[in-house]
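Participant: Attaching a single structure in structure tokens format; questions to follow.
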Amino acid sequence: MMEHIQFLRKHVGHAPLLMVGAATLIVDEQNRLLLLHRSDNDCWGPPGGAVELGEVVEDAARREVREETGLELGDLSLFGVFSGPELFYVYPNGDEVYNVTIVYLARFPEGHVRLNGEHTAWDWFAPADIPENVSPPIKPVITKFVETHG
């Protein structure tokens, strides 16, 4: 977790914070979506995470993909900005956040997937085959992806 968030948590405990995040929908040549199985909540989702203080959001998206999968991305296109009550989330440790997530779309990444400790598995999913246990704050993103790519 970022130092800034740790600092805030020391002062507010588990109370809700506004969290800006970046996520990337990575699609292969068969229009399948790369999803990672999270180790903290037993759900699936795309690579992503919090934007650090002063960080450009697109750089955060690339950094999160690199950290979580080992993949390098070429061109990114903006998929959407997601916010609102459906992006509220309580982490397994009790921390509450209202997410504002900027989501990018990327195709044909370079490299091979190598997971870090945040995830236990990965797979490519056709839009019709995306698992039901998608991480709650990412569900609106996945719903829009299926609507536009399914």
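Count along the sequence shown from 1, add 1, and you get the number used in my numbering.
In this text, a Cβ means the ideal position worked out from N, Cα and C, and glycines have one as well.
Quantities reported herein were computed from a predicted structural model and do not represent experimental measurements.
1) Can you tell me whether Pro-110 sits near the ligand ATP, meaning its C-beta is under 7 Å from at least one heavy atom of the ligand?
2) Quick one: what does DSSP say Met-2 is sitting in, helix, strand or coil?
3) Indicate whether the contact test is met: 3 or more Cβ pairs, each with one atom in the stretch 125-143 and one in the stretch 57-71, closer than 8 Å.
4) Report the rounded CA-to-CA distance for Met-2 versus Glu-30, giving the unit in angstroms.
5) Rounded to whole angstroms, what's the CA-CA distance from Leu-26 to Pro-47? Just pull it up for me.
6) Could you check whether Glu-73 and Leu-37 sit closer than 8 Å to each other, using their CB atoms as the reference points?
Facilitator: Looking at the atomic coordinates:
1) The ligand ATP is absent from the structure shown, which contains no ligands of any kind.
2) With a pLDDT of 48 at Met-2, under the threshold of 50, the modelled position of that residue is not reliable, and the figure given next carries that caveat. Under the three-state reduction of DSSP, Met-2 is assigned to coil, being neither helix nor strand.
3) no
4) Caution applies to Met-2, whose pLDDT of 48 falls short of 50 and renders its modelled position unreliable; the value that the coordinates give is listed next. Cα atoms of Met-2 and Glu-30: separation of roughly 33 Å, rounded to the nearest angstrom.
5) 6 Å
6) no
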